[in-house]
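Trainee: Sharing a structure here in structure tokens format.
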Amino acid sequence: MNKINSGKPWKTVILCSAMAEWNIPGYTLYSTTKTAIHRFADSYKFDNSNNNLMTVYPIATRTKFFEKAGGNSMPIPFPVQSPETVAKKIIKGVLEDKRKLYPARLFRSIVMINRILPIIKPLYQLHEQQKQKEWLKTNHSSRTP
Numbered sequence: 000m001n002k003i004n005s006g007k008p009w010k011t012v013i014l015c016s017a018m019a020e021w022n023i024p025g026y027t028l029y030s031t032t033k034t035a036i037h038r039f040a041d042s043y044k045f046d047n048s049n050n051n052l053m054t055v056y057p058i059a060t061r062t063k064f065f066e067k068a069g070g071n072s073m074p075i076p077f078p079v080q081s082p083e084t085v086a087k088k089i090i091k092g093v094l095e096d097k098r099k100l101y102p103a104r105l106f107r108s109i110v111m112i113n114r115i116l117p118i119i120k121p122l123y124q125l126h127e128q129q130k131q132k133e134w135l136k137t138n139h140s141s142r143t144p
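Residues 0 to 144 (numbering that gives the first Met the number 0) make up the sequence shown, in order.
This is how it looks when you write it as structure tokens:
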């Protein structure tokens, strides 16, 4: 990229997910792949001293992903944000030369509170697990989470 941009400023944006840091039931494969991307980005940043990589950790984003993955009734993890919000925050992050970006302030706040009160994450995961189990019971009674 340095060669391609020949001295001009540039930024590579890797779209990760909040699920790379806070996995939830029902999204094992998704969160596993996002965790791999998260670890790749961390390793890359460690090996490369330039500040040209920004990793973005959006929360659930209201796109057709959930509809295609599980139909209209699939429970969407809380909280949810719009794709427009994520895009605006990414642009702002690039302009501010960020290395890591959490588009949702609520998620960032919850993660910080969980560092002091580590019960927050397990309670959240339990809540999301109950939503998944209920959804599976009513929509896919032959499957288990």
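The C-beta atom is built at its ideal place from N, Cα and C for all residues, glycine as well.
When you compare the region 120 to 140 with the region 31 to 48, are there three or more beta-carbon pairs, one atom per stretch, that lie closer than 8 Å?
Mentor: With a cut-off of 8 Å, the region 31 to 48 and the region 120 to 140 do not count as touching, because too few Cβ pairs lie within range.
Trainee: So, Pro57 versus Ala103, is the Cβ gap smaller than 8 Å?
Mentor: Contact: yes.
Trainee: Any chance you could list the alpha helix (DSSP H) runs of at least 4 consecutive residues sitting entirely within the region 4 to 42, in chain order?
Mentor: Within the region 4 to 42, no complete alpha helix (DSSP H) run reaches 4 residues.
Trainee: Considering only the alpha carbon of each residue, which of Phe64, Val79, Asn51 and Asn4 lies closest to Tyr29?
Mentor: For Tyr29, the nearest C-alpha among the options comes from Phe64.
Trainee: I need the DSSP call for Thr54, collapsed to helix, strand or coil.
Mentor: Reduced to three states, the DSSP call for Thr54 is strand.
Trainee: According to DSSP, what are the bridge partners of Val79?
Mentor: Paired residues: Ala59.
Trainee: Could you give the DSSP three-state label for Leu100: helix, strand or coil?
Mentor: Leu100: strand per DSSP, three-state reduction.
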